[in-house]
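Down below is the structure, laid out as structure tokens.
There are 2 protein chains.
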Amino acid sequence: MRHMAQARMAQSSLSGFPEWLPAGRLVEQHFIDTLRRTFELHGFSGIETRAVEPLSQLTKKGETSKEVYLLSRLQADPNEPAETDPGKQLGLHFDLTVPFTRYVVDNAGTLTFPFKRYQIQKVWRGERPQEGRFREFYQVDIDVVGDGGLPLHYDVEAPLIMHEALCALPVPPVTIHVSNRKVAQGFYQAVGIPDAQLAEVLRAVDKLDKTGPQAVTAELVDTVGTTPEQAAAALRLATIQGTEPQQVSDAVLSALEGAEPTELLLTGLDELTYLIATAGRRRPGAVVADLKIARGLDYYTGTVYESFMAGAHDLGSVCSGGRYDNLASNGRRTFPGVGISIGLSRLLSRVLADGVVEVSRAVPTAVLVAVTDEEHRSQSDAVADALRARGISAETAPTAAKFGKQIRFADKRGIPFVWFPGPEGAADSVKDIRSGEQVEAEAATWTPADPTDLAPRLRARPQTP
Amino acid sequence: MRHMAQARMAQSSLSGFPEWLPAGRLVEQHFIDTLRRTFELHGFSGIETRAVEPLSQLTKKGETSKEVYLLSRLQADPNEPAETDPGKQLGLHFDLTVPFTRYVVDNAGTLTFPFKRYQIQKVWRGERPQEGRFREFYQVDIDVVGDGGLPLHYDVEAPLIMHEALCALPVPPVTIHVSNRKVAQGFYQAVGIPDAQLAEVLRAVDKLDKTGPQAVTAELVDTVGTTPEQAAAALRLATIQGTEPQQVSDAVLSALEGAEPTELLLTGLDELTYLIATAGRRRPGAVVADLKIARGLDYYTGTVYESFMAGAHDLGSVCSGGRYDNLASNGRRTFPGVGISIGLSRLLSRVLADGVVEVSRAVPTAVLVAVTDEEHRSQSDAVADALRARGISAETAPTAAKFGKQIRFADKRGIPFVWFPGPEGAADSVKDIRSGEQVEAEAATWTPADPTDLAPRLRARPQTP
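Taken in sequence, the protein lines are chains P and B. All letters in the first sequence, in the order written, are residues 1 to 465 by this note's numbering. All letters in the second sequence, in the order written, are residues 466 to 930 by this note's numbering.
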């Protein structure tokens, strides 16, 4: 008997809207519970924001507007402004950072700062679904925001907490790659690239892993309009990686090939080297400086993160984020923040599709209480109640079928134990249907020989490289 | 010092889309965890379905169509049918029963039956928000579906499990009121009301508590078109309540005043009396027969449930459901089901608004580790790491401010303990900032005198009637 449940995706008629069979959901719930426990150990409060934001809020950053799902009511009410005024249209959130910063501004008078929160919710993106991209998926975010200022040590804590959380999951090791926008911008300034080209240069360099140095150079020179020397300098910067602060710092400065470092570059280097020095001391191997990391979103102002899972680089970054000093503001006060976010559904669909994670059964039930005949169902119900009162998940058989059929019912679900109430005064007995061993038992005292049988077990399957 | 956190609603600019401050979310999360634990003890698997369903699926039942939120993409793709074909439009689900039955049909080849599942997700209704009505809210559903048939004992188990789950929450007692569609329909048939009027009669009788017997009689006679005698009989049925099977059965039959009971009525009475007899034996006081319970939705075919919380009858039913024999079908196979659902957000907003539930703090943090100066931050980080390794939620102070300020930081959040790392070789100490008591401590061994201080505590505040 093989007792591993199918942690597969359910049949779904809508492309891009994944659903899990019960075993898959059980793994997803385990991941969520584990992440949450780590965040709470670090003092993060959980919040949820509404799924819906005003369109104006969602399209603040132009490039994401194509992804937004708009809402309308099937029977719109002409008396309600949101129904008719295009300025008050509503859309589904496409990430958790934009809603979170809106929530912070809305509740700035009540929240205490620095405010540390985690948020685990589904988000929606209307883009065309393609390899591993979903239209509805879970994001798992942690952020810290300050009121007016936020110490740099939170730039270190955010990725370390996320790394600790990921290490608690049965997935291959994840490494967090960090860079700093100030380093990139300061470096480009130093080699004479104008600030107006910054976004385009970052976007071109971001493709380095996909398209290679020649294509990136061509794009920089032909499309963005840098000189060949500037393009070469940008590529020298982009290839720097390391965990030793001094080495990284030296490499960046020598990549200037004589150009004078700007103030911004030096500030950025201080931040970056502080980050990798502290991270290297607290969680060796968790964080590596990687100067090509750029991030698509333009609200990042300093540290940026991307993360890669061993054996799954083709999946792209499984966990990303950065420092945003100006995203949350009500005009009078700004709330600088730093955060990092897991695309949980993508990560999960990958590890389940690869068979990296298995689960021992799809149901929480540890014990099926057999029913001798319908007249004695209450006897079986009483046994199940007694087990549950002791925290043991139990259910009573659906019908008083032959015992062989009731055992097959349990077997099909991976329920390890079947309980047989004793007839008239005789003792009850419980059978481990995997080994066939049957012993006398009392509902008030019985525990399985292996207590881990009480709940579904997740197992990371050793991978052959 | 008063250490109760504000479990209030957050500021939100969108009417009908509630958000909680961290303390409120903490209570919500506690409610969800508690409900889930009870369902899992009973062998229910958790699933989630996509938020989105085809409009055709959502509008199967005509009367709910007005509540549906439609989706469209801000930049629609003319190549994709769902964008242009009105027959393929998508909307947000307005409950969890319709998506669940669709999921069952989609995955009938893989699921094992009877399939027991719980589902805790947000749903959306586009109706105008009014007193306590939300446009986005949590529903908490349990359902059991069979393949071709489903034993009646699940009609008893569903409300008992929900009652057990509700009893585990710090809320006033809830009583589940049950009736049976077959009883109502069979009774109306017996007194000569045609089946075509059934839905209208049920809807009229459903208003009995709100508008009173005279208004209901007037509606039945003037609008629906029953005779005054039929209206009187319907009211006699509707006023029957009880927990004694024989008394309920006798009352229903005598309410016929000589009319001959139909087969359907007798079948329904058998089901109803079996339910209250079994429920009364297993959880005395949980379930009461209440013959006026009708439920608005027309897919119920037998047992129906509504539930009322002591002291909050004006809130209406906090938990409703019933048996649906024909809702899930793929044409060849039908999957009869029975389920019951809590409107969690409404229940929660009521108990929090009334101050029925309080929470000791809004953050998970038990210990704030003070920072003497920024040079020694790593010493404080090491203490926090050591505490967390033992499962104690800890955070390091945001800045090396004066200790008084760091203590106020903890106090403001309700964090009970502040940890002071010892200078150079001296022992650490920890202060309970509520009592002021300070003791020497080691991070590897310390535990608070009262271990319940380790996590935020929920408290049901005694109500004055």
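The C-beta atom is built at its ideal place from N, Cα and C for all residues, glycine as well. All values reported here derive from a predicted model rather than from experimental measurement.
Taking 8 Å as the threshold (C-beta atoms), are residue j and residue i in contact?
| i | j | result |
| --- | --- | --- |
| Asp141/P | Gln119/P | yes |
| Arg282/P | Asp779/B | no |
| Val832/B | Ile872/B | no |
| Arg853/B | Leu166/P | no |
| Asp428/P | Ala441/P | yes |
| Glu665/B | Ala51/P | no |
| Gln604/B | Ile807/B | yes |
| Phe580/B | Val569/B | yes |
| Pro487/B | Ser810/B | no |
| Pro172/P | Ala397/P | no |
| Ile276/P | Ala289/P | yes |
| Val174/P | Val318/P | yes |
| Phe335/P | Val145/P | yes |
| Ala475/B | Ala827/B | no |
| Ile626/B | Ser772/B | no |
| Leu555/B | Leu536/B | yes |
| Tyr450/B | Trp485/B | Because chain B is modelled from 466 through 930, residue 450/B falls outside the range shown and cannot be assessed. |
Once DSSP output is grouped into helix, strand and coil, what is the label at residue i?
| i | result |
| --- | --- |
| Lys896/B | strand |
| Gln584/B | strand |
| Gly767/B | coil |
| Phe417/P | strand |
| Gln903/B | strand |
| Glu395/P | strand |
| Ser249/P | helix |
| Gly46/P | strand |
| Val656/B | coil |
| Arg283/P | coil |
| Gly556/B | strand |
| Gly651/B | helix |
| Arg388/P | helix |
| Gly16/P | coil |
| Ile213/P | Before going further, note that residue 213/P is Pro rather than Ile in the sequence given. Reduced to three states, the DSSP call for Pro213/P is helix. |
| Arg459/P | strand |
| Arg2/P | Any answer about Arg2/P is weak, because its pLDDT of 45 lies below 50 and its placement is not dependable; what the coordinates show is given next. In the structure shown, Arg2/P sits in coil (DSSP, three-state: anything other than H, G, I, E or B). |
| Gly242/P | strand |
| Glu53/P | strand |
| Pro451/P | helix |
Name, please, each residue of chain P whose Cβ falls closer than 9 Å to the Cβ of residue i.
| i | result |
| --- | --- |
| Thr575/B | Gln6, Arg8, Ala10, Gln11 and Leu21 |
| Ala827/B | Ser45 and Thr112 |
| Tyr568/B | Ala10, Gln11, Ser12 and Glu19 |
| Lys877/B | Thr112 |
| Arg747/B | Ser378, Asp381, Ala382 and Asp385 |
Interface residues of chain P around residue i at Cβ under 7 Å?
| i | result |
| --- | --- |
| Lys587/B | Ala51 |
List, in order along the chain, the chain B residues whose C-beta lies closer than 9 Å to that of residue i?
| i | result |
| --- | --- |
| Arg388/P | Thr503, Leu506, His507 and Glu629 |
Within 10 Å of its beta-carbon, does residue i have 16 or more other beta-carbons around it, so buried, or fewer, so exposed?
| i | result |
| --- | --- |
| Lys877/B | exposed |
| Gln695/B | buried |
| Ala233/P | buried |
| Thr566/B | buried |
| Arg332/P | exposed |
| Ala680/B | exposed |
| Ser785/B | buried |
| Thr743/B | buried |
| Asp850/B | buried |
| Pro886/B | buried |
| Gly414/P | buried |
| Gly481/B | buried |
| Glu28/P | buried |
| Asp918/B | buried |
| Asn180/P | buried |
| Met466/B | Below a pLDDT of 50, predicted positions are generally treated as unreliable, and Met466/B, at 37, falls in that range; no measurement from the model is reported. |
Determine the chain B residues that contact residue i at a beta-carbon separation under 7 Å, and present them in chain order.
| i | result |
| --- | --- |
| Ser393/P | Glu505, Leu506 and Gly508 |
Which residues of chain B have a Cβ atom closer than 8 Å to the Cβ of residue i, listed in chain order?
| i | result |
| --- | --- |
| Tyr69/P | Leu536, Ser537, Arg538 and Leu539 |
| His30/P | Under the 8 Å cutoff, chain B gives no residues; its nearest Cβ is about 11 Å from His30/P. |
Would you say residue i reaches chain C, if we count a Cβ-Cβ gap shorter than 8 Å as a contact?
| i | result |
| --- | --- |
| Thr864/B | Within the model displayed, chain C is absent; protein chains P and B are what it includes. |
Continuous alpha helix (DSSP H) assignments of at least 4 residues falling wholly in the stretch 752-833 of chain B: Taking only runs of at least 4 residues, the alpha helix (DSSP H) segments lying wholly in the stretch 752-833 of chain B are 809-818.
Which parts of the stretch 104-181 of chain P are runs of the beta strand (DSSP E), unbroken and 3 residues or longer, counting only runs that do not cross its ends? For the beta strand (DSSP E) assignment, the uninterrupted runs of no fewer than 3 residues enclosed by the stretch 104-181 of chain P are, from N- to C-terminal side, 115-124, 136-145 and 174-180.
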